[in-house]
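Peer 1:
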Amino acid sequence: MILLKGVRKSYFIGEREIEVLKGVDLVINRGDFVILMGVSGSGKTTLLNIIGLLDRKTEGEFLFMGYNVDGLSDDILAKMRNRHIGFVFQQFFLLPYLNALENVLIPIIYSDKKIKNPRERAKELLERFGLKDRIYSKPSQLSGGEQQRVAIARALINEPDVILADEPTGALDSNTGFEIMDLFRILNEEGKTVICVTHDPKVKEFGKRVLRIEDGIISEDFKN
Amino acid sequence: MLEVLLFHLEIALRNILVHKKRMVLALLGILFAVMSLVAFGNISSGLKAKIELEISRFGENLIILRAGIFHVAGRTQAQFSEARTLKIEDVKRLKDSVTEIEEVVPFFDVSYPLRFKEKKVTATIVGAESSVFKLRNVDVSYGRFFTREEEANLDRKAVIGFKIYENLFSPEDPIGKFVLIYRVPTEIIGVMGEKGSDFFGQDQDILVYMPLATFMRRYSNVDYIKGAYIKVRDGVSLSHMKHKIRSFIRSARKMRDEEKDDFSVFTVEDVLKTREEGIRLVSILTIIASIISFLIGGLGIFAIMLLSVTERKTEIGIRRAVGSTKRDIIFQFLAESTVVSVLGGILGIGAGLMVTTIVDIIGGFPFILAFKTLIFSISVCVVIGILAGIYPALKGTKYEPVDVLSNQLF
């Protein structure tokens, strides 16, 4: 489903070139649950951004769902993200002036998939995540765990193939963090591919496979 | 597509509600621009309607001939000299000789006090033939006009203006009562309806109409007239007729070229001209003022949108991440700036209508809704909203999800 071979990525900070990824080889199969571990600055977020079509590699080979995305325009990449990927972030990034339901519906605005009754589907998702009484609440009225569950519902509304989570438990206490990870585990059991970036060793138990990235290279790759 | 548009509009409205104070500031320029435009459009339409009303009140297709030199400008007519040379025969011949003339009504007017019992009131007494009532659209609300027979008999009968009735008689019934004019008892036979001032500022409600012959022989004992109302046929150019009448009178009097006129000819158009110039000046000033207001309003929206875009870069990032294209982002912010602008326009229309109502009540104009101005204002608002939103919207597309969403640099 996702294939990277010798992928490199460098940034320019002023005149200075910084190589963040120094040749990543990686295959992620459909239905996998990958935990991507690494310290700050190891390149794990950059790798996630490349996989999530938010960023472009500098060198190497990258296939997303069998497509070579190298030459594709920003707009086509946006369409592909909308169709195939659900994002979950550490800071939740819900729009403050919309209620939970409306936040969940945002990807539908940009979707050309014909999702039937998106409002009903969004309500079902929120109910399933225990937010039945929070459907019309604004993010400011929700706890961190609740906000993150709304964000996960938003990631799922458009029926993506893969969920990419960037430190999803980073802003939550450990109990709530476990609940969120458990939710990912259930979604994975239902068939979603999940890739989760974290620096918290405790959450790695939830994944099927753990990757450790160090200094721009994958240093460990083992199955749980 | 429509659903997406509605969603964007809804989001725009929510954002306005979230940032009320800021949005009000952004709206103000547009609000004032539209307010002045709408108020001006309505008021000038009201003014035009009032002028038309005044023309009909004054009498259509009327030319006024007056002995002496008059100068007409705006609402005033200033008399520079008197003349006792205009004779009734002059104007009668005018009617027979100039085919475009439908009717000529000679008159003799003078300001003089009217007495009734101990009360005294100054009136403008107009001696005129009975056809004056039709010519000047005079309506008698109570009683009747005098007749041709009464004119021929030199009857001492008078039709009085509404204020005269109020000041001398009210609540008494004036019909059949006698007032003293030049110490001559004169019978009241009719009261005119309330009319206000005519074009030349003459208060119609202090007029007293009497038969011309009676007035000339039995009251003031003169053989000259003060002037004549001349009605020309429909479709005849009034300014052309003005010249024709002037040259006719000059030649009838055998006046030599170097001799100056001792009479004046003027029309309602002379008054209209100065008034239209006034309206035109005001309209130019209003348009300049609202252009400036629109520019300021546009800048206000521009600034607020720029601020909004900068503040909402995470929102842009998340939208881009979940599949919004750059075009969608541009569309969203253009929709927002347009909503702000149009909202300002709608509030401006409301304010403009309020101003119109107040001015109409004070100025006594009929309330007229200048529908075209409303449509025009809203269209301008849409254009301003889009123009003001372009740069902020483009700026919004510069925010990449990678830059605004990541916790860490790498």
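Residue numbers (the working numbering), protein chains in the order written: chain A, 1 to 224; chain B, 1001 to 1410.
Backbone N, C-alpha and C define an ideal beta-carbon position, used for all residues, glycine too.
The structure displayed is predicted, hence computed values, not measured ones.
1. Would you check if there are 3 or more beta carbon pairs closer than 8 Å linking the region 66–75 of chain A to the region 96–103 of chain A?
2. Any idea if Phe1169(B) is buried or exposed, counting beta-carbon neighbours within 10 angstroms, 16 or more meaning buried?
3. CA-CA distance, Leu142(A) and Val34(A)?
4. Is it true that the CB of Val24(A) sits closer than 8 Å to the CB of Leu47(A)?
5. Do the region 178–189 of chain A and the region 150–164 of chain A make contact, defined as three or more Cβ pairs closer than 8 Å?
6. If you compare alpha carbons, which of Leu1028(B), Glu1052(B), Leu1005(B) is closest to Gly1302(B)?
7. Assuming Ala1228(B) contacts Val1110(B) (C-beta within less than 8 Å), just tell me the rounded distance between them.
8. Helix, strand or coil for Ser1141(B)? Go by DSSP, reduced to three states.
9. For Phe1007(B), go through chain A and note every residue whose CB falls closer than 7 Å to its CB, in chain order.
10. Given this structure, state the Cα-to-Cα distance separating Ile1258(B) from Glu1129(B), to the nearest angstrom.
11. Any beta carbon of chain A sitting closer than 8 Å to that of Ile1318(B)?
12. Exposed or buried, which one is Gly1059(B) when buried takes at least 16 other CB atoms within 10 Å?
13. Taking 8 Å as the CB-CB limit, is Gly1396(B) close to chain A?
14. Measure from the C-beta of Leu49(A) to each C-beta in chain B and report whether the shortest distance is under 8 Å.
15. Whole angstroms are fine: how far does the CA of Phe1032(B) sit from the CA of Gly1352(B)?
16. With 8 Å set as the bound, which would you pick, yes or no: does the beta-carbon of Ala1012(B) sit closer than that to a beta-carbon of chain A?
17. From the DSSP secondary-structure annotation, give me the bridge partner or partners of Thr198(A).
18. Return the residue from the list Lys1050(B), Val1282(B), Gly1193(B), Val1184(B) that minimises the CA-CA distance to Glu1166(B).
19. Give, in chain order, every residue of the region 1013–1026 of chain B whose Cβ lies closer than 9 Å to some Cβ of chain A.
20. Below 8 Å between beta carbons: does that hold for Val1382(B) and Ser1341(B)?
21. Leu21(A) to Val27(A), Cα distance in whole Å?
22. Using the three-state DSSP reduction, which class does Thr1122(B) fall into: helix, strand or coil?
23. With three or more beta-carbon pairs closer than 8 Å as the criterion, would you say the region 1303–1317 of chain B touches the region 1394–1403 of chain B?
24. Distance cutoff 8 Å, beta carbons only. Does Ser1324(B) sit that close to anything in chain A?
25. According to DSSP, is Gln91(A) helix, strand or coil?
26. Looking only at its own chain, which residues have a Cβ that is under 8 Å from the Cβ of Ile115(A), when we skip the five neighbours before and after it?
27. Excluding the 5 residues preceding and the 5 following Glu1172(B) in the sequence, name in chain order all residues of the same chain whose CB lies nearer than 7 Å to its CB.
28. Along the beta strand (DSSP E) that carries Pro1211(B), what are the first and last residues, could you check?
29. Would you list, in chain order, the members of the region 78–89 of chain A that have their beta-carbon closer than 7 Å to a beta-carbon of chain B?
30. Compare the Cα-Cα distances from Met80(A) to each of Phe92(A), Leu95(A), Phe93(A), Phe64(A) and report the closest residue.
31. Taking a contact to mean a Cβ-Cβ separation below 8 Å, would you say Leu1047(B) touches Phe1365(B) in this structure?
32. If you draw a straight line from the alpha carbon of Ile50(A) to that of Ile163(A), how long is it in whole angstroms?
33. What is the residue span of the beta strand (DSSP E) that Lys22(A) lies within?
34. Counting Cβ pairs closer than 8 Å, one from the region 162–179 of chain A and one from the region 83–93 of chain A, do we hit at least three?
Peer 2: This is what the structure holds:
1. no
2. Counted from its first residue, the second sequence places residue 1169(B) at position 169. Answer is buried; the Cβ neighbour count reaches 16.
3. Walking along the first sequence from the start, residue 142(A) turns up at place 142. Walking along the first sequence from the start, residue 34(A) turns up at place 34. Approximately 29 Å, taken between the alpha carbons.
4. The count along the first sequence starts at 1 and reaches residue 47(A) at position 47. The count along the first sequence starts at 1 and reaches residue 24(A) at position 24. Yes.
5. yes
6. Position 302 of the second sequence, counting from 1, holds the residue named residue 1302(B). Looking at the sequence itself, residue 1302(B) is Phe, so the reference to Gly does not match. Of Leu1028(B), Glu1052(B), Leu1005(B), the residue nearest in Cα terms is Leu1028(B).
7. By one-based count along the second sequence, residue 1228(B) stands at place 228. By one-based count along the second sequence, residue 1110(B) stands at place 110. Ala1228(B) to Val1110(B), Cβ: 16 Å. No contact.
8. Counted from its first residue, the second sequence places residue 1141(B) at position 141. DSSP places Ser1141(B) in strand when its eight states are reduced to three.
9. Numbered from its first residue, the second sequence carries residue 1007(B) at position 7. Per Cβ cutoff of 7 Å: Ile109.
10. For the purposes of this step, residue 1258(B) is taken as residue 258 along the second sequence, with counting starting at 1. For the purposes of this step, residue 1129(B) is taken as residue 129 along the second sequence, with counting starting at 1. The residue you asked about is not Ile; residue 1258(B) is Glu in the sequence shown. Between Glu1258(B) and Glu1129(B), the C-alpha separation is close to 34 Å.
11. As a working note, residue 1318(B) is residue 318 in the second sequence. Ile1318(B) counts as touching chain A.
12. As a working note, residue 1059(B) is residue 59 in the second sequence. Its Cβ being crowded by 16 or more others within 10 Å, Gly1059(B) is buried.
13. Counting from 1 along the second sequence, the entry for residue 1396(B) is found at position 396. It does not; no Cβ of chain A falls within 8 Å.
14. Here residue 49(A) is taken as the residue at index 49 of the first sequence, counted from 1. The sequence given here places Asn at residue 49(A); Leu does not occur at that position. So yes, Asn49(A) belongs to the interface.
15. For this step, residue 1352(B) is matched to residue 352 along the second sequence. For this step, residue 1032(B) is matched to residue 32 along the second sequence. Rounded to whole angstroms, Gly1352(B) to Phe1032(B) spans 8 Å at the Cα level.
16. Position 12 of the second sequence, counting from 1, holds the residue named residue 1012(B). Chain A, which has no Cβ nearer than 8 Å to the Cβ of Ala1012(B), makes this no.
17. Along the first sequence, read from residue 1 onward, the residue named residue 198(A) stands at position 198. Met37(A), per the DSSP bridge assignment.
18. Here the question's residue 1166(B) lines up with position 166 in the second sequence. Among Lys1050(B), Val1282(B), Gly1193(B), Val1184(B), the Cα nearest to that of Glu1166(B) is on Gly1193(B).
19. Arg1014, Asn1015, Leu1017, Val1018
20. Stepping through the second sequence from its first residue, residue 1382(B) is reached at position 382. Stepping through the second sequence from its first residue, residue 1341(B) is reached at position 341. Yes.
21. For the purposes of this step, residue 21(A) is taken as residue 21 along the first sequence, with counting starting at 1. For the purposes of this step, residue 27(A) is taken as residue 27 along the first sequence, with counting starting at 1. Using only the alpha carbons, I get a separation of about 16 Å.
22. The sequence position of residue 1122(B) within the second sequence is 122, counting from 1. Looking at Thr1122(B) - three-state DSSP - the assignment turns out to be strand.
23. yes
24. What you label residue 1324(B) is simply residue 324 of the second sequence in a count that begins at 1. It does: the Cβ of Ser1324(B) has a partner Cβ on chain A nearer than 8 Å.
25. In the first sequence, residue 91(A) corresponds to position 91, counting from 1. Residue state, collapsed to three classes: coil.
26. Counting from one through the first sequence, the residue named residue 115(A) turns up at place 115. Result list for Ile115(A): Ile108, Arg121, Ile157, Asn158, Glu159, in chain order.
27. Along the second sequence, read from residue 1 onward, the residue named residue 1172(B) stands at position 172. Excluding residues within five positions, none has a Cβ falling inside 7 Å.
28. Working through the second sequence from its first residue, we reach residue 1211(B) at position 211. That run of the beta strand (DSSP E) goes 1207–1211.
29. Ala78, Lys79, Arg81, Asn82, Phe87, Phe89
30. Here the question's residue 80(A) lines up with position 80 in the first sequence. Residue Phe64(A) is the option with its Cα nearest to Met80(A).
31. Along the second sequence, read from residue 1 onward, the residue named residue 1047(B) stands at position 47. Along the second sequence, read from residue 1 onward, the residue named residue 1365(B) stands at position 365. It is a contact, given that the beta carbons lie within the stated cut-off.
32. As a working note, residue 50(A) is residue 50 in the first sequence. As a working note, residue 163(A) is residue 163 in the first sequence. Near 14 Å, if we compare the C-alpha coordinates of Ile163(A) and Ile50(A).
33. Sequence index remark: in the first sequence, residue 22(A) carries index 22 (1-based). Unbroken beta strand (DSSP E) run through Lys22(A): 16–28.
34. yes
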